[in-house]
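The next block holds one structure in the form of structure tokens; read it before the comments.
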Amino acid sequence: MPQSLPTLCGSIMGSPFSLSAKIHNAAYAALGLDYTFVCFGIEDPVAGVAAIRTLGVRGMNVSMPYKTVVMEHLDAIDESALVIGAVNTIDNVDGVLTGYNTDYLGAVRALQEVCELNKQRVAVIGAGGAARAVVYGCLQAAARVTVFNRSSERGKVLSSDLGAHWGGGVETFAAQDFDIVINATSVGFKQPDSNPLDGLLASHLIVMDVAFMPVRTALLLQAAELGCRTVSGTRMLVHQACRQIELYTGMEAPIDIMEQAMLEEIQRLNL
Ligand code: NDP
Numbered sequence: 040m041p042q043s044l045p046t047l048c049g050s051i052m053g054s055p056f057s058l059s060a061k062i063h064n065a066a067y068a069a070l071g072l073d074y075t076f077v078c079f080g081i082e083d084p085v086a087g088v089a090a091i092r093t094l095g096v097r098g099m100n101v102s103m104p105y106k107t108v109v110m111e112h113l114d115a116i117d118e119s120a121l122v123i124g125a126v127n128t129i130d131n132v133d134g135v136l137t138g139y140n141t142d143y144l145g146a147v148r149a150l151q152e153v154c155e156l157n158k159q160r161v162a163v164i165g166a167g168g169a170a171r172a173v174v175y176g177c178l179q180a181a182a183r184v185t186v187f188n189r190s191s192e193r194g195k196v197l198s199s200d201l202g203a204h205w206g207g208g209v210e211t212f213a214a215q216d217f218d219i220v221i222n223a224t225s226v227g228f229k230q231p232d233s234n235p236l237d238g239l240l241a242s243h244l245i246v247m248d249v250a251f252m253p254v255r256t257a258l259l260l261q262a263a264e265l266g267c268r269t270v271s272g273t274r275m276l277v278h279q280a281c282r283q284i285e286l287y288t289g290m291e292a293p294i295d296i297m298e299q300a301m302l303e304e305i306q307r308l309n310l
């Protein structure tokens, strides 16, 4: 199969964004690998997948808005990505392209750093791609999951697709019915003043936000003030990137170095 020197990895997305490049390149340097990661803002995802084959790109992250459209152009799809309905990672092994979803694993690994998920009552707010990954991961870890979403149609589809309970609009979320609440909407991302659960939290909850910019979102700040344990979107992001490193290199990911590179870049981006 075609190969590159240095070994090339990258990401395809609608418009280029520097964060993954910083995280991955920090990991490759720490592992002593002759790998380079480049972010491509592209308009044609099908041509993007063909380029992986033509250029021998070893691993390609996939970001918005191409996580679903690339799927039919790959040679194989991992079971979890198939159920979630989105691929964020393409692993090229000897010319065979396999699609994975590492977001769900990132969410679960980040949550499991602070609590067990088995039999926990988890509320997931949102029904987009990130919510599907989070719900899938929590169900895999044997949590009891209820979905809340602004659009009931989308929320019901997600719940029935994945086997979660449908709860209704976010205003119907009642803190006393849950152990863990996760914001998996886009509310709060690059919106330091927006909190999708404003006034709805209670101190017994573990509160996670998938939004990773700013690192301490309005939701996480309010949760911390109440005394809740919190899990940041950056922790999910770095864990999902660790899984990508494991796939692309076969080595254990240097998580601390990756997290430092991620946080420095978020600070540089001034959010
Ligand atoms: P989608 O566009 O697929 O879904 C957006 C979700 O947010 C929907 O449930 C939508 O509700 C809801 N929403 C949007 N605006 C509002 C609003 N004003 N009020 C209430 N609900 C709203 O996005 P994704 O699922 O792909 O991404 C969601 C977030 O997850 C993004 O911020 C993304 O950056 C983050 N993310 C974080 C990762 C990490 O590792 N930390 C990994 C992947 C994503 P409705 O259905 O009613 O429109």
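Using this note's numbering, you'd call the opening residue of the sequence shown number 40 and step up by one each time. A virtual CB, placed ideally from N, CA and C, is assigned to each residue, including glycine. As the structure is a prediction and not an experimental result, all values here were calculated from the model.
Exercise. Out of curiosity, what's the CA-to-CA distance linking residue 259 and residue 120?
Worked result: Within the sequence shown, numbered from 1, the residue matching residue 259 stands at position 220. Within the sequence shown, numbered from 1, the residue matching residue 120 stands at position 81. Roughly 28 Å between the two C-alpha positions.
Exercise. Closest to residue 309 by CA distance: which of 229, 160, 163 is it?
Worked result: If you number the sequence shown from 1, residue 309 lands on position 270. Of the candidates 229, 160, 163, the one whose C-alpha sits nearest the C-alpha of residue 309 is 229.
Exercise. Taking just the CA atoms, how far does residue 41 sit from residue 238?
Worked result: Residue mapping note: residue 238 aligns to position 199 of the sequence shown, counting from 1. Residue mapping note: residue 41 aligns to position 2 of the sequence shown, counting from 1. Taking the straight line joining both Cα atoms gives about 55 Å.
For this session: With hydrogens ignored, establish whether the beta-carbon of residue 151 is closer than 7 Å to any heavy atom of the ligand NDP.
Result: The count along the sequence shown starts at 1 and reaches residue 151 at position 112. No, the ligand NDP has no heavy atom inside 7 Å of this Cβ.
Exercise. Where are the alpha helix (DSSP H) runs, 4 residues long or more, that stay fully inside the stretch 249-301, in chain order?
Worked result: Listed in chain order, the complete alpha helix (DSSP H) runs (minimum 4 residues) inside the stretch 249-301 are 257-265, 272-288.
Exercise. When every heavy atom of the ligand NDP is checked, does at least one fall within less than 7 Å of the C-beta of residue 188?
Worked result: If you number the sequence shown from 1, residue 188 lands on position 149. Yes - the ligand NDP has a heavy atom lying nearer than 7 Å to the Cβ of residue 188.
Exercise. Quick one: does residue 57 have its CB under 8 Å from some CB of chain C?
Worked result: Absent from the structure is chain C; it holds one protein chain and no more.
Exercise. Residue 66: beta carbon under 7 Å from a heavy atom of the ligand NDP?
Worked result: Taking the first residue of the sequence shown as 1, we reach residue 66 at position 27. No, Cβ of residue 66 sits at least 7 Å from all heavy atoms of the ligand NDP.
For this session: May I ask whether a heavy atom of the ligand NDP can be found less than 7 Å away from the beta carbon of residue 174?
Result: Counted from its first residue, the sequence shown places residue 174 at position 135. Not so, every heavy atom of the ligand NDP lies at least 7 Å from the Cβ.
For this session: In the DSSP assignment, find the unbroken beta strand (DSSP E) run with residue 85 in it and report its ends.
Result: The residue you call residue 85 lines up with position 46 of the sequence shown. Here residue 85 belongs to no beta strand (DSSP E); instead the alpha helix (DSSP H) covers 84-94.
Exercise. In angstroms, rounded to a whole number, what distance separates the CA positions of residue 253 and residue 305?
Worked result: As a first step, residue 253 must be located in the sequence shown, where it is residue number 214. As a first step, residue 305 must be located in the sequence shown, where it is residue number 266. Answer to the nearest angstrom: the Cα atoms are 8 Å apart.
Exercise. If you check the beta carbons only, do residue 244 and residue 203 fall under 8 Å apart?
Worked result: Here the question's residue 244 lines up with position 205 in the sequence shown. Here the question's residue 203 lines up with position 164 in the sequence shown. No, the pair does not count as a contact, with Cβ atoms beyond the cut-off.
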